[in-house]
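**Q** Residue numbers (my numbering), protein chains in the order written: chain A, 50 to 164; chain B, 383 to 498.
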Amino acid sequence: AQKITQTQPGMFVQEKEAVTLDCTYDTSDQSYGLFWYKQPSSGEMIFLIYQGSYDEQNATEGRYSLNFQKARKSANLVISASQLGDSAMYFCAMRGNNAGNMLTFGGGTRLMVKP
Amino acid sequence: DVKVTQSSRYLVKRTGEKVFLECVQDMDHENMFWYRQDPGLGLRLIYFSYDVKMKEKGDIPEGYSVSREKKERFSLILESASTNQTSMYLCASTPMTGGYGGEKLFFGSGTQLSVL
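(1) Look up residue 135 of chain A in the DSSP assignment and say whether it is helix, strand or coil.
(2) Measure the alpha-carbon distance for residue 108 of chain A versus residue 441 of chain B and round it to whole angstroms.
(3) So which of A/52, A/53, A/70 has the shortest CA-CA distance to residue 60 of chain A?
(4) Is DSSP giving residue 493 of chain B helix, strand or coil here?
(5) With residue 86 of chain A as the anchor, note down where its beta strand (DSSP E) starts and where it stops.
(6) Under a three-way DSSP split, which group does residue 69 of chain A fall into?
(7) Could you tell me whether the segment 95-110 of chain A touches the segment 483-495 of chain B, using the rule of 3 or more Cβ pairs below 8 Å?
(8) Just mark residue 496 of chain B as buried or exposed, buried being the case when its beta carbon has 16 or more other beta carbons within 10 Å.
(9) Assuming residue 413 of chain B contacts residue 470 of chain B (C-beta within less than 8 Å), just tell me the rounded distance between them.
(10) Does residue 432 of chain B come within less than 9 Å of chain A when only Cβ atoms are used?
(11) Just to make sure I have the definition right: I need the residues of chain B whose C-beta is within less than 7 Å of the C-beta of residue 152 of chain A. Which are they?
(12) Nearest-angstrom Cα distance between residue 68 of chain A and residue 58 of chain A?
(13) Have a look at A/112, A/79, A/111 and flag the residue whose alpha-carbon is nearest the alpha-carbon of residue 104 of chain A.
(14) Which of the residues in the segment 62-80 of chain A, read from start to end, lie with their CB under 8 Å from any CB of chain B?
(15) Just how far apart, CA to CA, sit residue 428 of chain B and residue 446 of chain B?
(16) Can you pull the chain A neighbours of residue 403 of chain B, defined as C-beta to C-beta under 8 Å?
(17) Where are the beta strand (DSSP E) runs, 3 residues long or more, that stay fully inside the segment 438-475 of chain B, in chain order?
(18) Under a three-way DSSP split, which group does residue 116 of chain A fall into?
(19) So with Cβ pairs under 9 Å, would you call residue 90 of chain A a contact of chain B?
(20) Say whether chain B places a C-beta atom closer than 9 Å to the C-beta of residue 94 of chain A.
Here it is as structure tokens:
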């Protein structure tokens, strides 16, 4: 069974500062993928970034980067230069070698950016 | 752009009613999913389907059933709604890939169901 743990229910960050959202995972699969999604107050789920377990380099997408530490089973999301529009729920998720390509999600972190 | 459409944004039902939540995707995706979202619990998988007429239980299937008669449509059914099924329901789809691929899930905008 797969499990995703996000230990920060809520966080504040000052506008223009960087912030790290924690994610740890547990799986017995040798190959897996890790995802981060953003959910603003509108409710839509927005894909942010993906990291494959065999990718040697940390994934980056604009202001988002994934700090992947395989031995520690962590996949933290780093947002640089926070903006007010970054205020949202953030979910970490993973996919292993499962039928249907389903994702297992963590409990989420609510990020609030202060002006 | 891929579009996943859920038929209702808000829904209010009475305890014991039969409830249908509809989801349609327009990108010919093989896989479709129903998740339930509750505060602090994240998204939990109720059912998924990887082909027409195929369905598999997720982590919390009790009290729910699903139907997939056409590739583009995946319906979630609450046979007899109960107050503990009050929640946000999210439908998602993704193409079939091998193993742990990076194909992301495309989500609908969600249905907030209240059972009174």
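Yeah, the Cβ is synthetic: ideal placement off N, Cα and C, and Gly gets one too.
**A** On the basis of the coordinates in this document:
(1) Here residue 135 of chain A corresponds to residue number 86 of the first sequence, with the count starting at 1. If DSSP states are grouped into helix, strand and coil, residue 135 of chain A belongs with the helices.
(2) Numbered from its first residue, the first sequence carries residue 108 of chain A at position 59. Numbered from its first residue, the second sequence carries residue 441 of chain B at position 59. Looking at the two C-alpha atoms, the distance is approximately 29 Å.
(3) Locating residue 60 of chain A in the first sequence gives position 11, where the first residue counts as 1. Comparing Cα positions, the closest option is A/70.
(4) Against the second sequence, residue 493 of chain B aligns to sequence position 111. Residue state, collapsed to three classes: strand.
(5) Within the first sequence, residue 86 of chain A is the residue found at index 37, counting from 1. Residue 86 of chain A -> beta strand (DSSP E) spans 82-88.
(6) Stepping through the first sequence from its first residue, residue 69 of chain A is reached at position 20. Looking at residue 69 of chain A - three-state DSSP - the assignment turns out to be strand.
(7) yes
(8) Taking the first residue of the second sequence as position 1, residue 496 of chain B is located at position 114. Classification for residue 496 of chain B: exposed.
(9) As a working mapping, residue 413 of chain B is identified with position 31 in the second sequence. As a working mapping, residue 470 of chain B is identified with position 88 in the second sequence. That belief does not hold up - the Cβ atoms of residue 413 of chain B and residue 470 of chain B are roughly 21 Å apart, past 8 Å.
(10) Here residue 432 of chain B refers to the residue found at position 50 of the second sequence. Closer than 9 Å to some Cβ of chain A, the Cβ of residue 432 of chain B qualifies, so yes.
(11) Residue numbering aside, residue 152 of chain A sits at position 103 when the first sequence is read from its first letter. Ordered by position in chain B, the residues that pass the 7 Å Cβ test against residue 152 of chain A are 487.
(12) In the first sequence, the residue the question calls residue 68 of chain A occupies position 19. In the first sequence, the residue the question calls residue 58 of chain A occupies position 9. Going from the Cα of residue 68 of chain A to the Cα of residue 58 of chain A covers about 14 Å.
(13) Within the first sequence, the letter at position 55 stands for residue 104 of chain A. It is A/79 whose Cα lies nearest to the Cα of residue 104 of chain A.
(14) 78, 80
(15) As a first step, residue 428 of chain B is located in the second sequence; it is residue number 46 there, counting from the start. As a first step, residue 446 of chain B is located in the second sequence; it is residue number 64 there, counting from the start. Between residue 428 of chain B and residue 446 of chain B, the C-alpha separation is close to 8 Å.
(16) Counting from one through the second sequence, the residue named residue 403 of chain B turns up at place 21. Per Cβ cutoff of 8 Å: no residues; residue 403 of chain B is ~15 Å from chain A at best.
(17) 446-452, 455-460
(18) Numbered from its first residue, the first sequence carries residue 116 of chain A at position 67. Here residue 116 of chain A sits in strand by DSSP.
(19) For the purposes of this step, residue 90 of chain A is taken as the residue at position 41 of the first sequence. Not closer than 9 Å to any Cβ of chain B, the Cβ of residue 90 of chain A fails to qualify, so no.
(20) Start at 1 with the first residue of the first sequence, and residue 94 of chain A comes out as number 45. Taking Cβ atoms only, chain B reaches closer than 9 Å to residue 94 of chain A, which makes this a yes.
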